[in-house]
Amino acid sequence: MLADGVQGLRWLVAPASLEAVHAFFPDPWHKSRHHKRRLVSPETCALVADRLRPGGLFRVATDWEDYALAMREVLDASSLTNIHDGWAPRFDERPMTKYEARGIAAGRAVYDLCYRR
Ligand SMILES: C[S@@+](CC[C@H](N)C(=O)[O-])C[C@H]1O[C@@H](n2cnc3c(N)ncnc32)[C@H](O)[C@@H]1O
15 MLADGVQGLR
25 WLVAPASLEA
35 VHAFFPDPWH
45 KSRHHKRRLV
55 SPETCALVAD
65 RLRPGGLFRV
75 ATDWEDYALA
85 MREVLDASSL
95 TNIHDGWAPR
105 FDERPMTKYE
115 ARGIAAGRAV
125 YDLCYRR
């Protein structure tokens, strides 16, 4: 479906209904003036937590270190629980997209996080 992910989650998805939510490289705007538009905010995390079934997983990944640290801070402060001791290993089922390949080619590390409801 082509839609704003947050609005789709809010209006089209029932509470406690999802096995997992994946947001991979969700930051097309990494400049600081765009930080307020970041997808992984306290509000979005609360919405994701509500739509996940108990035990469901929220996986995120980014190749921007400052966004990775910000996501971890927001997720740590949410009702979700980090299932790893810090960063998660790369999610095996994630296809290698041009965004991930471009980050790696530019010498950036990729940060994965995985939190459970
Ligand atoms: C850097 S690209 C990564 C695309 C893909 N997930 C990947 O891993 O290769 C970021 C994508 O997130 C999308 N995006 C950002 N915020 C969104 C939102 N609220 N709803 C839907 N898509 C969004 C953008 O349109 C863009 O396609």
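Residues 15 to 131 (our numbering) are what the sequence shown spells out, left to right. Quick reminder that beta carbons are idealized off the backbone N, C-alpha and C, glycines included.
Three or more beta-carbon pairs separated by less than 8 Å are not found between the stretch 57-68 and the stretch 96-109, which leaves the two stretches without contact. Contact between ALA75 and ASP126 holds: CB atoms are separated by about 5 Å, below the 8 Å threshold.
Look at ASP99 here: in three-state DSSP terms it is coil, with no helix or strand label. Per DSSP, ASP126 is one residue of the beta strand (DSSP E) stretching across 125-130. Around the beta carbon of GLU79, a 10 Å sphere encloses fewer than 16 other beta carbons of the protein chains shown; the residue is thus reported as exposed. Secondary-structure assignment with DSSP links PHE38 through a beta bridge to ALA75.
Burial state of ASP106 is exposed, judged by a 10 Å Cβ sphere holding fewer than 16 other Cβ atoms. ARG131 has its alpha-carbon roughly 6 Å from the corresponding atom of LEU71. For GLU114, the number of other beta carbons within 10 angstroms of its own is at least 16, and it is reported as buried.
Of the residues assessed, ALA82 falls on the buried side of the cut-off, its CB having 16 or more other CB atoms within 10 angstroms. Assignment of ARG67 by DSSP, reduced to helix, strand and coil, places it in the strand class.
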